[in-house]
Ligand SMILES: Nc1ncnc2c1ncn2[C@@H]1O[C@H](COP(=O)(O)O)[C@@H](O)[C@H]1O
Ligand SMILES: Nc1ncnc2c1ncn2[C@@H]1O[C@H](COP(=O)(O)O)[C@@H](O)[C@H]1O
Ligand SMILES: Nc1ncnc2c1ncn2[C@@H]1O[C@H](COP(=O)(O)O)[C@@H](O)[C@H]1O
Ligand code: NA
Ligand code: NA
Ligand code: NA
């Protein structure tokens, strides 16, 4: 398959189309709206299911195989907030608090972007490593903590923010699911597969429909925050994505695995990070970081980024 | 299978029985209640899934095959509000606003009645055309608009009501799902089938349980609105149902397809129409139109109507 | 398999682990929380699905086979509130109202404990009788009514409480599902199996995650109510469990069936009973009965009790 | 425009009581009410866990004598055993006759 | 601390009206509002079934003249046909300039 | 019946602050509170999208001096950076001692 064919394949997946439908619904001012409980239920389901599947895979993986990829992920988790912070200070010219807030988002990871990349890689015919969800959990936390540290150097209650991130629901569900999957293994999987595995992509499609509406309701803010933020929200992912692919390749991941790690590295958090930032850096402007991660970076990765990281992975690995 | 056997088959389907359970729960004053979010989640799921399945089928259907059935549906969409309006004025003796409100409901379509008819037809062994959900979307809008127009001749903000209907969540989900299904085709279907197709009838069963409770809570209003409304709510469906079957037959639909189109034509909306009517015709009495469509016509079609339309289809087509 | 192996099997099932994760999340003060609508939706789904599956099985069971087990269940339903009441009066030294409240909980049944026992028995390789859900419905009501009667002897509005229990949502869903399953039989089952049967254990896993959080939020109350309550909440189940196994054996149940009946008999209600008790015995202390049934007995049965009842069943039956 | 002074009675209570409380206030003369689901904490501990049920926040606009009757009834039959509080405020409405 | 007296207008209305009512009050001078989903019963019967939609309870803190304008507008365009009530109360806030 | 006058403090704030605010008001002397989920709009824009979290509407009945302490604390630590408003009203309750 050539690059264009892959882009088409990605664009015409139910998930990407559902995201587009959500955007369209909001732009058309439709009264379509997901009840908050449905959104929360879907996110609980998705996070736990990712973790669980990863855990079952993990129970079949020798630990040594995990070592290098885990180190690579930690490296990404520490480097990305730095680049995010610096670029925000220099290129966007914002203050410490806003730069720290952005860095926390681009230092963490978006589980949905991870899933979209996984689906894409599998759709293309690769078989990404089964332990990748473990890496998602690993990538989620350190970036946020480091970014808050950068912003607060000296003052503030970092401890509280740290606790907040570690016991945040996304980490608890991901890691908890992972543990449960690892402990109950194939025998457990057999019982709950028709709930946590088979309908997974359908549920994700519905979730993306909602995400599309949320992202679109932020488009209006784009004008206020300006064109530079759009550049920030696309260049940084490209940089982090390429880095992720490369580091993944070095750590011995397969072509599919490197693609997915690239997408993870390119993604910006919008579940764990916003909550932590709002508590630890209340003076940062939510319009800035939410718009960048939700209305710029997420759609960019979903539509263009993932095929690009795949192309990079092929180019490096092939 | 003879007629009685078919009626029995229909009555003993989990869906019809779940509706009856809902009615019973309400009459017994049980504290059973669906959270609003569950009801909304189920309706989002059902509408999107109908659309999606229809879209995938559509991607395999040559457009020419669709032409005549689509025309037939449009014809029904324009004729039915007229008969609904006239019968309301003459037979019920209500004013313009109330007649327009009733006409909007009986000019539109009930997605759940459509599904019940589809299930029935498949259960009997027919294979209704795959593009029928497209017709549901087509039938939903024009009837409401025409009915409001009838009621308001001259004054009022029809434009707003028109926008309201077109961007209403049921149309957005149905048409959006259709589009996504058509674009992503079989490849997309494969991914999300265990979510949008396999569990569909079970989710519908749960939805009907809730619908039964809602319908039953309207039974009390039946006494106030009087016996004529009950006649209106059963004769009109019979008329529209026969018409729908006949027109479907002329348009070349199979026996199963004509049965389903008949049921669609016989049905009264209770999602899109009430919202549009409340905005455009606030002076119309909700007790009248909601009771007729929810507490009379819907159960009538579910229990008796569908087998009758099937009998008519057999009689015309055989 | 020896006893320890069975205990391990039980402890490492996704369901028990999910419960533990819920407990951990609460102890770690995570912000993870299920929306109320999700909890309600899951409980509606689970109760209806249990009933429905039971009903379909019932439609294949000759009534005579059911007679003895039903009598045995009724017997348990009448005896257990008595023992619960007496032990509460003598051993805990509480007043009439509190003793009646506890008796109502330990006289009724926990559907989730039933499910956990069923899963366990099937996991071990037994084939428990298909009509067991009928017995759950039978066991739910009489114990509560008798217990309230014990507490109120003479005064109060027992009638209201009785209606409350009979039309309570758990009874309506269980019995309603049962009826629908029995009437629609295998033909109905085929349609809705991918919704009500296949994903069942996964949904239960999610429900147990929530239940773990609820139970953990009661742990703090344990200190107040004291050590005697913990004893009450473990000894009574052991007594009732052994009794249930024995009576089940006498009534001709298989080894798996007797295990499950034992677990049912050992369980304490936390859906139907609390609601009924709060209305009929407002002067009883909720801290007492909710803590005992949710924070002591339920986890005890889930983790230790079920394997123990299985061992007893083997010992009696083997 | 004529603004008519009336009383707004707000009751926060465990949700199990909803049906009963609505019957009581209607019997005592309330012509309408508005209910919002709530959670909270008071002398009877936290009320936000699903199992014990949440609270409801019920408000009703009534003439003064009805307000007093409602409070008296609550004090007699509900305050002792249930998690309930109630308070009264002064409000002004347009269509005064609607509430008496 | 300076407490500034203002008016709190509370509107209970069928939820379909949300968008319209928000536009109206903003046009009439409200600088903000808070909405809570509600259910209830009044002269137009019970409003708790999903199909007819529930109610919303909208409150907005405004100066007195804005409060009067809002009530007048409701009386003119909403009270006749829709299930709506409204009432006014006295409240005190800290940052008075925020609301005018 | 003895009606005791007290103050009702209502705080509308972004929901992330719930835990903190509850701790604050309890520390300052509130004996109870009631919370209702809300959405709304003010000077910091619309708050109804899931991602930023919704608002909560917290109310607590307290003696006047506690009310003033709560407002002072909000003004000092919350008004500058967070989406929060607060207002005070006069209410009357039956069991006055319950709230002090
Ligand atoms: N001082 C207070 N202010 C506001 N709400 C309260 C107050 N005290 C109690 N409540 C509410 O009333 C419910 C029952 O109160 P209690 O009976 O004191 O537990 C609590 O769950 C709270 O929602
Ligand atoms: N006396 C009242 N007190 C509080 N809320 C009321 C009252 N009357 C009506 N309502 C609310 O206003 C809505 C519309 O009232 P109505 O137009 O009288 O049906 C009702 O559904 C209730 O939520
Ligand atoms: N004038 C007002 N009346 C009622 N609620 C308001 C008002 N202004 C703000 N709010 C509420 O307070 C929240 C925070 O306000 P703000 O800090 O102005 O954005 C808003 O989201 C609204 O829910
Ligand atoms: Na009080
Ligand atoms: Na009014
Ligand atoms: Na203020």
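Protein chains in written order, with this note's numbering: chain E, 1 to 318; chain B, 319 to 636; chain A, 637 to 954; chain G, 955 to 1054; chain R, 1055 to 1154; chain L, 1155 to 1254.
Beta carbons are placed, not taken as given, at the ideal position from N, Cα and C, and that holds for glycine.
Short of 6 Å from the beta carbon of residue 131/E, and not among the five residues preceding or following it, lie these beta carbons of its own chain, in chain order: 57, 58, 61, 66. In this structure residue 716/A is in contact with residue 901/A, their Cβ atoms being roughly 7 Å apart against a cut-off of 8 Å.
Contact fails between the segment 243-254 of chain E and the segment 283-292 of chain E, because fewer than three Cβ pairs, one in each stretch, are under 8 Å apart. Beta-carbon to beta-carbon, residue 112/E and residue 668/A are separated by about 18 Å, too far to satisfy the 8 Å threshold.
Taken in chain order, the unbroken stretches of alpha helix (DSSP H) that lie wholly in the segment 759-794 of chain A and span 4 residues or more are 768-788. Annotation for residue 1139/R indicates a beta carbon within 6 Å of some heavy atom of ligand 2. Here the distance from the Cβ of residue 1115/R to the nearest heavy atom of ligand 3 is below 6 Å. Interface flag for residue 1170/L against chain E is set, since a Cβ pair is found closer than 7 Å.
Using a cutoff of 6 Å, the CB of residue 988/G counts as near ligand 2, since one of the ligand's heavy atoms is closer than that.
For residue 353/B against residue 677/A, the beta-carbon gap comes to about 7 Å, under 8 Å, which counts as contact. With contact defined as three or more Cβ pairs closer than 8 Å, the segment 932-941 of chain A and the segment 976-990 of chain G are not in contact. Taking 7 Å as the CB threshold, residue 1145/R lines the interface with chain L.
Distances from the alpha-carbon of residue 335/B to those of 590/B, 531/B, 554/B put 531/B closest. In the structure shown, residue 1036/G falls within a coil segment according to DSSP collapsed to helix, strand and coil. Put simply, the CB of residue 31/E is near chain B, with a gap under 7 Å to one of its CB atoms. Residue 968/G counts as buried, since at least 16 other C-beta atoms from the protein chains shown sit within 10 angstroms of its C-beta. Using a Cβ-Cβ cut-off of 7 Å, residue 989/G counts as an interface residue toward chain R, since at least one Cβ of chain R sits closer than that to its own. The Cβ neighbour count for residue 1146/R, taken over all protein chains shown within 10 Å, is at least 16; the residue is labelled buried. Counting only unbroken stretches of 4 or more residues, the alpha helix (DSSP H) elements lying wholly within the segment 872-925 of chain A are 891-902, 908-916, in sequence order. CA-CA distance, residue 412/B to residue 420/B, rounds to 10 Å. The beta carbon of residue 1214/L lies closer than 6 Å to those of 1163, 1179, 1184, 1187 in the same chain, with the five residues before and after it left out. Annotated three-state conformation of residue 988/G is strand, per DSSP. Measuring C-alpha to C-alpha distances from residue 1118/R to each of 1143/R, 1074/R, 1096/R identifies 1143/R as the nearest. Between the C-alpha atoms of residue 1196/L and residue 1153/R there is a straight-line separation of about 9 Å.
A heavy atom of ligand 3 is found nearer than 6 Å to the CB of residue 1085/R.
DSSP, reduced to helix, strand and coil, places residue 1093/R within a strand of the structure shown. With respect to chain L, the C-beta atom of residue 1086/R has a partner C-beta closer than 7 Å. Taking CB atoms only, residue 980/G has no neighbour in chain L less than 7 Å away. Under the 7 Å criterion on CB atoms, residue 789/A is classed as non-interfacial with respect to chain G. Annotation: the continuous alpha helix (DSSP H) that includes residue 27/E extends over 14-27.
Per DSSP, the unbroken beta strand (DSSP E) holding residue 962/G starts and ends at 958-968. For residue 1162/L, the residues of chain G that pass the 9 Å Cβ criterion are 964, 1041, 1043, in the order they occur in the chain. The DSSP-derived three-state label of residue 745/A is coil. Only 1115 from the segment 1109-1134 of chain R bring a Cβ to less than 7 Å from some Cβ of chain L. At a Cβ-Cβ threshold of 7 Å, residue 162/E and residue 145/E count as neighbours. For the pair residue 78/E and residue 147/E, the Cα-to-Cα distance works out to about 9 Å.
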